[in-house]
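*Asks:* One structure follows; several queries about it will come next.
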Amino acid sequence: EEVDGRQLQLVAELNNAKASAETNPASMRRVSDLERELVLARERAEEHARELERCRENKRQLERELLNGPAALHDEGAGPQGKQQQAEALALQRRAEAEAAELREKLRWYAESQQEMEED
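So the sequence shown is residues 163 to 282, counted in my numbering.
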């Protein structure tokens, strides 16, 4: 939502700059700067959307494994295969949690960067 709001703001600024660019050469530079900024914002939004979807899929996979894991362990007993599956599921969960933490950090940084750009 923040990204969409920022994109709308950039489009509005771009339209205003285009309107005044006909009379002011400095505005033309501002128009090209806004166009570049809008492209970059869209690319970042698309990248974050892909990362978010990847994290959601990892979460769904972990949830499936957690739901199906105990039944598989009961069927196989607590033998070496069951312990191996449990260890693999735990490792997968840790990787997903680490990735989610990394994405949260990227999102925090992105939000702060956007706020700083808006303040400038």
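We put the beta carbon where it would ideally sit given N, CA and C, even for glycine.
(1) Would you decide whether residue 193 is buried or exposed? Buried here means 16 or more other CB atoms lie within 10 Å of its CB.
(2) Whole-angstrom Cβ separation of residue 265 and residue 217, contact assumed at under 8 Å?
(3) Would you mind stating whether residue 269 and residue 227 have Cβ atoms separated by less than 8 Å?
(4) Helix, strand or coil: which one does DSSP assign to residue 195?
(5) Is there contact here, the segment 198 to 214 with the segment 164 to 176, by at least three beta-carbon pairs under 8 Å?
(6) Determine the contact status of residue 220 and residue 280, defining contact as a CB-CB distance below 8 Å.
(7) Which same chain residues end up closer than 6 Å to residue 188 when comparing Cβ atoms and leaving out the 5 residues on each side of it in sequence?
(8) Using the rule of at least 16 other Cβ atoms within 10 Å of the residue's Cβ for burial, across every protein chain shown, is residue 249 buried or exposed?
(9) For residue 206, I'd like the list of residues in its chain whose CB is within less than 7 Å of its CB, leaving aside the five on either flank, ordered along the chain.
(10) Return the CA-CA distance between residue 236 and residue 209, expressed in angstroms with no decimal places.
*Replies:* With the given structure in hand:
(1) The residue in question, residue 193, is buried, as its Cβ has 16 or more Cβ neighbours within 10 Å.
(2) 6 Å
(3) Against a cut-off of 8 Å, the Cβ pair of residue 227 and residue 269 comes out as no contact.
(4) In this structure, residue 195 counts as helix in the three-state DSSP scheme.
(5) yes
(6) no
(7) none
(8) The residue in question, residue 249, is exposed, as its Cβ has fewer than 16 Cβ neighbours within 10 Å.
(9) 272
(10) Below a pLDDT of 50, predicted positions are generally treated as unreliable, and residue 236, at 47, falls in that range; no measurement from the model is reported.
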